[in-house]
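These protein sequence lines map, in sequence, to chains A and V. The first sequence begins at 71 in the working numbering and counts up one residue at a time. The second sequence begins at 71 in the working numbering and counts up one residue at a time.
There are 2 protein chains.
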Amino acid sequence: MKTACAHCPLRCLPQFQPMSEADVEFMQVLKRGEMVVDPGTTLFVEGASSPQLYTVLSGMGLRYKTLEDGRRQVVNFVFPGDYLGLQSAVMGEMRHSIEASTPMVLCVFNRTDLWEIFRNHPERAFSLTWLGSVEEHFLSDALATLGQREAYERVAWALYRIWSRLAAMEMVRDGSVPLPYRQRDLADAVGLSLVHTNKTLAKLRGAGIADWRGGRLYVTDPLALAKIGALEPDHIELRPLF
Amino acid sequence: MKTACAHCPLRCLPQFQPMSEADVEFMQVLKRGEMVVDPGTTLFVEGASSPQLYTVLSGMGLRYKTLEDGRRQVVNFVFPGDYLGLQSAVMGEMRHSIEASTPMVLCVFNRTDLWEIFRNHPERAFSLTWLGSVEEHFLSDALATLGQREAYERVAWALYRIWSRLAAMEMVRDGSVPLPYRQRDLADAVGLSLVHTNKTLAKLRGAGIADWRGGRLYVTDPLALAKIGALEPDHIELRPLF
DNA sequence: CGTCTTATTGACATATTTCAACAAAGGTGG
DNA sequence: CCACCTTTGTTGAAATATGTCAATAAGACG
Chain A
71 MKTACAHCPL RCLPQFQPMS EADVEFMQVL KRGEMVVDPG TTLFVEGASS PQLYTVLSGM
131 GLRYKTLEDG RRQVVNFVFP GDYLGLQSAV MGEMRHSIEA STPMVLCVFN RTDLWEIFRN
191 HPERAFSLTW LGSVEEHFLS DALATLGQRE AYERVAWALY RIWSRLAAME MVRDGSVPLP
251 YRQRDLADAV GLSLVHTNKT LAKLRGAGIA DWRGGRLYVT DPLALAKIGA LEPDHIELRP
311 LF
Chain V
71 MKTACAHCPL RCLPQFQPMS EADVEFMQVL KRGEMVVDPG TTLFVEGASS PQLYTVLSGM
131 GLRYKTLEDG RRQVVNFVFP GDYLGLQSAV MGEMRHSIEA STPMVLCVFN RTDLWEIFRN
191 HPERAFSLTW LGSVEEHFLS DALATLGQRE AYERVAWALY RIWSRLAAME MVRDGSVPLP
251 YRQRDLADAV GLSLVHTNKT LAKLRGAGIA DWRGGRLYVT DPLALAKIGA LEPDHIELRP
311 LF
């Protein structure tokens, strides 16, 4: 095991709730190991159950659903600190797939320990429920964006969410954050065709607001981006890491 | 208090997980009362916190988000057996509003009892997390529908979800279920204009598949509807009532 | 250097929206 | 019970945002 929970690089970030020493120790006990995967690896398959849960230590990925005819909906982007597989642990199977877009390092937990958590660590259990609620909130936000807003707003919304999420992780360098996805991924996330997504990105670039190229997202005018894209003011909510 | 949990008309439905006598009793203890509301009543407001949680005994409603400029996304339809306000209880505030479309009867619970549940009734706490996961699953399904599918499929999807949900509640009479909403509500749910929603409904009616009029939804060809609308096979998942 | 994937751009096709007018249903007061 | 008014549903025509097709450019990679 490479990273001890006590030295977890994520926990100290302002985005995450502080944890007591006892909590850290408990987490350490539950952590079964660390897993490193290559880009393209599928971590969860829609419809399948998994004996493991993961927390993302580093790297990025995608959650998505596939339709019978091959169309794909990207449900969310996966970033460090995300908790993967809770749905499977609670409901018995995943309702979407998760795949790595970059090399990823994951902390591994056992699904069967979930019961132990609910039985003996109610505060941790509450945190997990919280994480579920956060995801639920995100999804309803996404739904409102796809359902009610036009292309320009949708793309701005997605870029802004990504930007502020990664900014909270202190990943901004020289006005840009890493964004190692393809335009196809963004298109499938906002429900637009690839071509139209590309043209909309060009429009944002032309307006001097945001520029995504070379695997990095440069946001030159964050306020303008927020104005166009934000559905609701950015709650920088303290989220539980676990 | 009118309805004792022991005689709850919902609990016996095949859709819900069986509960032990002890569980029923515990639920009864937590139930603070019953609330009856008129159509149009707003039960939760986006952004606000609420000291109460509800379970729907009867009646129907809507969950929705409002955008700055008045556009509205209907996030889900609310049916008997639904649990309302969990988000508020867990995250501190609701991220969408909920309003009654018909007269409704609600079982009232106290938000503060949530802690008690997590501390002393881990199985109930697990159930709540489950409910959150079910909602999350529904939302990602909705997202995929709005993001990837065209009008005809979207409307069929929505009608089919409603149909099978109400069918599980044993609310089918003469091939129809009550559907006391306006076309505007459906339009805002599937992300289409009112006019286009209307024309799409006419198309389904013309095809002899489904007919929504007079506050009732007649599904003449459920298999065809499922084929057009269903994203995934219908898991008639046993859900916890509480 | 070739080959594969990904990004970019223009022209055209079309699903969906918007506008507008009318019809039907439901509620209210006389 | 009728006349009136408001809300909700229905339909056609025109406007437009977005999708599709197709060709080229630009990177990535062995």
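Glycine residues also receive a C-beta, built at the ideal position from the N, C-alpha and C atoms.
Contacts of Arg217(A) in chain V (Cβ-Cβ under 7 Å): One point to set straight first is that residue 217(A) is Gly, not Arg, in the sequence displayed. Simply Gln143, Leu216 and Gly261.
Thr182(V): first and last residue of the uninterrupted beta strand (DSSP E) it sits in: Annotation for Thr182(V): no beta strand (DSSP E) segment contains it, and DSSP assigns it neither H nor E.
Ala195(A) - DSSP class collapsed to helix/strand/coil: Here DSSP, grouped into helix, strand and coil, assigns Ala195(A) to helix.
Length-filtered (3 minimum) beta strand (DSSP E) runs lying within the stretch 103-130 of chain A: Runs found: 103-107, 112-114 and 122-128.
Gly278(A) versus Leu256(A) - alpha carbon distance: About 20 Å.
Within-8 Å CB hit, His266(A) to chain V: Residue contact check for His266(A) against chain V: no CB pair falls below 8 Å.
Contact with chain A by Gly299(V), beta-carbon distance below 8 Å: Chain A contact via Cβ: absent.
Gln218(A), buried or exposed, once every other Cβ within 10 Å from all chains shown has been counted against 16: Buried.
Reference Leu274(V); option with closest CA among Ala226(V), Leu262(V) and Val242(V): The option with the nearest alpha carbon to Leu274(V) is Ala226(V).
For Leu184(A) and Val126(A), believed in contact at Cβ under 8 Å, the rounded distance: Actually they do not touch by this definition, with Cβ atoms about 18 Å apart.
Between the CA atoms of Leu295(V) and Asp108(A) - distance to the nearest angstrom: Spanning the two alpha carbons is a distance of roughly 41 Å.
Straight-line Cα distance separating Ala214(A) from Ile168(V): One C-alpha to the other measures close to 15 Å.
Proximity to Val247(V) [Cα-Cα], best of Gly129(V), Thr111(V) and Gly103(V): Here the closest residue by C-alpha is Gly129(V).
Any chain A beta carbon closer than 8 Å to Phe179(V): So no, Phe179(V) is outside the interface.
Segments assigned beta strand (DSSP E), at least 3 residues, entirely inside the stretch 261-297 of chain V: Scanning the stretch 261-297 of chain V for uninterrupted beta strand (DSSP E) segments of 3 residues or longer gives 280-283 and 286-289, listed from N- to C-terminal end.
Amino acids of chain A, ordered along the chain, whose beta-carbon sits closer than 7 Å to that of Leu209(V): Neighbours of Leu209(V) in chain A, taken as residues whose beta carbon is under 7 Å from its own, are Glu206, Leu209, Ser210 and Leu213 in chain order.
Stretch pair the stretch 154-170 of chain V + the stretch 115-124 of chain V: three plus CB contacts closer than 8 Å: As far as the Cβ criterion goes, the stretch 154-170 of chain V touches the stretch 115-124 of chain V, which means the pair count is three or higher.
Rounded separation between Gly284(A) and Gly299(V) - CA only: About 39 Å.
C-beta neighbour in chain V for Arg165(A), strict 8 Å: With its beta carbon less than 8 Å from one in chain V, Arg165(A) belongs to the interface.
Supposed close pair Leu249(V), Trp282(V) - CB separation, criterion 8 Å: Yes, Leu249(V) and Trp282(V) are in contact; Cβ-Cβ is about 6 Å, under 8 Å.
Proximal chain A residues relative to Gly140(V), where beta-carbon distance stays under 8 Å: In chain order: nothing, as chain A lies at least about 10 Å away.
Pairwise C-alpha distance: Asn146(A) and Ala259(A): When rounded, the distance between both Cα atoms is 7 Å.
Where Met174(V) falls: helix, strand or coil (DSSP): The answer is strand: DSSP assigns Met174(V) an E or B state.
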